[in-house]
Structures are given as structure tokens and as C-alpha cells.
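Per the UniProt record's numbering, residue 1 is the first one in the sequence shown, and the count goes up by one each step.
The C-beta atom is built at its ideal place from N, Cα and C for all residues, glycine as well.
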Amino acid sequence: MTADNKIVPRRRIGTHGPEASVLSLGSWHTYDRMDFADAVAMVRHAVDLGVNLFDVGVYGFPGHPPVFTDVLFSAIIRAAGVGRDEYLLSEKLWLEGYPEMSLREQMERALFRVGTDRADVAVLGDIRRDDLDLERLAGDLAELEADGLIGCWGVNNWSATAITTIRRHALAAGSPGPQLAQLKYSPCRRSIPDGAPFAEVFAQGVSLEASDIMEGGILAGKIKPSREVGRDPGGVRERIVEAAAGIAKVAADLDATPAQVCVAFTLTHPATCTVLFGASRMEQLVDNVGALALLERVGAEHLRSLLEPFWVDKDVIDPEGP
């Protein structure tokens, strides 16, 4: 497949980030659940379709069994024949051990595991403490940018206030600041990305990276997922399980799959730069890419109106974010 017939378009991440595919592949419990040859074939096909953004991370924790999904990715991308200049690497930086473990040490370890010398995007993990020094953090990130270890950076599930604050410190340190906010976003979880506080964040040039778009597979029809599912802000997961049937009915009426409806929905947000999903089968990848044609056929406004009844965290979650 040549560049002329790649069907996944690209959008710029933020104001200073790279041009990324609007669909991107994630790694949490993805590559370590796949047959190696199947993973190579899927990644190769994703690149042929136009996907160029891959999200990986070091997901092991002290005292827990070691995990190797990022190490597997390094072998998969190589076996797929994808050159380093053909894809964007998004790495996670965790904040639980910071600053005792520096961001530089953590990033160098992550890059060593994945077999490269730079991350195009670094995404800071959740803030789970009250004493995080955002000014120091912004300065450390500016140094990583200046030294070429990272191209740009963003944050995962931060509040709007925290993003605005670190952006101010980053600009003072000579960094463009956060370029993306990774947020849970689906037909059921909308309060934060669609709320007023984040409208201000997006107006500053920060893009939205939509994640957890199918609630661990629940909205795609897997009511009892076999893999671990992310946190449940607002305790609304049971209502999401109930909403899955209605979303499936909307999908059937549109001659689409529930997964396609979820992917297409997240692309309707004007700030979305990419939609992150963790396909572990070729069929899932192909199905999700089909959301592009669905959105073009149905239209953003009509699709959002059809899915309005399934917004279950409305008036439950503070739109300011965690």
C-alpha cells in the first residue's frame, strides 16, 4: 500500500507537536496478549493504513511480576519492517517515584527497553498526590525537550487547573508546554472532555487524545471483559454496561459495529488529535478503521445526537477533572 492510498488521516498534536494519525495503537495489555506473528502482521497493516502513532510504556511495578509489552513492541515494529522515521513513539512517564527517580532516568530506561533514543511524545501519568512540584516538573521536561530525549509532552487524566498551571511554568522554562491531554472519552464518559474547564484548555492549543473509548471492551459488546479494565471515575460502570445495548442498537441502525460508533464519536470532538485503542486482533484494527467511513457517512452532529441518551456520567463527574 502506497502513501497515496493510506486512509487514516493525520492531525497535528497541539501547536508544536508532530502530525499524528487520528487513530493510534496503545500497548497496555496488548502485545503481551498476542501471538508474535499476529502482532507483527497487525502492526504492519496498521502502518500500511496510515497509522503512525504507537503508545507504549513500562507497566511493571516493584514487587509485581515483570511485564514486557514495551519490549515486545520493539521486536514487533522491527519485524514488521517499520523504520524509526516511519512512526511516532509515545512513552509514559510515571509520577509516583518522582523526583527521587528523575524523569531523565525513567525515560532513558524506557527508551533502552524499547530500543530507541527518543520519544516523540511523553505522556505524564495520573497525579495521585498533593505535593507534586509542577514548577520543577515543567523545568525537568523542558530539559528533556532541549536534549532531544522527547519531542513534546502531554498529560494523562489531569485536571484542567493542573494543566493550566504546569503550562504556565513550562512557558517560563522555555518549553511550549503540554501538547495533549489524554482523557477517558466515550459516548458514556463525556463530562470532562465536553465540559467548560477543558474547553479553555483546548483553546490554549492543547489537543485531546481520546482513550478508554470502549470501556475495556464493554461498549464493543464484551460485557465481562477478560482483561483488566481501567479505573471507574464516578462509579458509573454498571450504567455503562446497561448503555451498551442501546449503543449496539444505534450501531445496527447505522449498519455499523458498536466499536465503530465509539471510535467515530470520539473523532467528533473538535480538539481530538488522535484516538488511542488497544486492538489485539487484526479484525479489531480493521473494524476500528471503518469508523472513518462511518463518520463521513453519518456526520458528526447527527452521530452525537443519536448517542446523547447514553451520556451516563453527566452531572456525576466534575468537568474540572480529577
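Inset, instruction - Kindly give me the distance between the Cβ atoms of isoleucine 163 and alanine 181, rounded to whole angstroms, as I take these residues to be in contact under 8 Å. - result: 6 Å
Legend entry - Residue nearest to aspartate 117 in terms of C-alpha spacing, selected from Asp126, Val123, Ala46 and Arg104: Arg104
Inset, instruction - Determine the DSSP secondary structure at isoleucine 317, reduced to helix, strand or coil. - result: coil
Inset, instruction - Classify glutamine 106 as buried or exposed, calling it buried when 16 or more other Cβ atoms lie within 10 Å of its own Cβ. - result: The residue is buried, with at least 16 neighbouring Cβ atoms inside 10 Å.
Legend entry - DSSP-derived helix/strand/coil call for isoleucine 218: Of the three classes helix, strand and coil, the one that applies to isoleucine 218 here is helix, per DSSP.
Legend entry - Nearest candidate by alpha-carbon position, reference cysteine 188, set Thr161, Pro176 and Asp232: Asp232
Legend entry - Completely contained alpha helix (DSSP H) runs for the stretch 103-134, where each covers 4 or more residues: 103-114
Inset, instruction - Within its chain, find whatever has a CB closer than 6 Å to the CB of arginine 281; leave out the 5 residues flanking it on each side and keep chain order. - result: none
Inset, instruction - Output yes or no for whether 9 Å exceeds the beta carbon distance between alanine 80 and valine 43. - result: yes
Legend entry - Best match in Pro197, Lys222, Ala203 and Glu145 for proximity to proline 176 [C-alpha to C-alpha]: Glu145
Inset, instruction - Could you round the C-beta distance between alanine 122 and leucine 93 to whole angstroms and report it? I think they count as a contact, below 8 Å. - result: 5 Å
Legend entry - For glutamine 204, the three-state DSSP class (helix, strand or coil): Of the three classes helix, strand and coil, the one that applies to glutamine 204 here is coil, per DSSP.
Inset, instruction - Buried or exposed for glutamate 215, please, with buried defined as at least 16 other CB atoms from any protein chain shown within 10 angstroms of its CB. - result: buried
Legend entry - Residue nearest to proline 66 in terms of C-alpha spacing, selected from Val51, Ala160, Asp85 and His29: His29
Legend entry - Residue range of the unbroken alpha helix (DSSP H) whose run includes glutamine 260: 258-267
Legend entry - Among Gly234, Leu49 and Leu89, nearest to isoleucine 150 - alpha-carbon criterion: For isoleucine 150, the closest C-alpha among the options Gly234, Leu49 and Leu89 is that of Leu89.
Inset, instruction - Would you please state the rounded distance, in angstroms, between the beta carbons of isoleucine 7 and valine 289? I believe it to be under 8 Å. - result: Yes, they are in contact, since the Cβ atoms of isoleucine 7 and valine 289 sit about 7 Å apart, within 8 Å.
Legend entry - At least 3 beta-carbon pairs within less than 8 Å: the stretch 46-61 vs the stretch 302-312: no
Legend entry - Bridge partner(s) assigned by DSSP for serine 24: Answer by DSSP bridge pairing, in chain order: Leu276.
Legend entry - Three-way DSSP call (helix, strand, coil) for proline 18 in this model: coil
Legend entry - Whole-angstrom C-beta distance between proline 18 and aspartate 131, which should lie under 8 Å: 33 Å between Cβ atoms; not a contact.
Inset, instruction - With distances taken Cα to Cα, identify the nearest neighbour of leucine 294 among Phe73, Leu267 and Phe54. - result: Leu267
Legend entry - Whether glycine 321 touches isoleucine 192 by CB criterion (9 Å): yes
Inset, instruction - Measure the CB-CB distance between aspartate 140 and serine 186 and report whether it falls below 9 Å. - result: no
Legend entry - Delimiting residues of the beta strand (DSSP E) encompassing isoleucine 150: Looking at the DSSP string, the run of the beta strand (DSSP E) that includes isoleucine 150 is 150-156.
Inset, instruction - Keeping to the same chain, check which residues put their C-beta closer than 6 Å to that of leucine 134; ignore five residues upstream and five downstream. - result: Thr165, Ile166 and His169
Legend entry - Whole-angstrom distance between alanine 248 and valine 286, CA atom to CA atom: 18 Å
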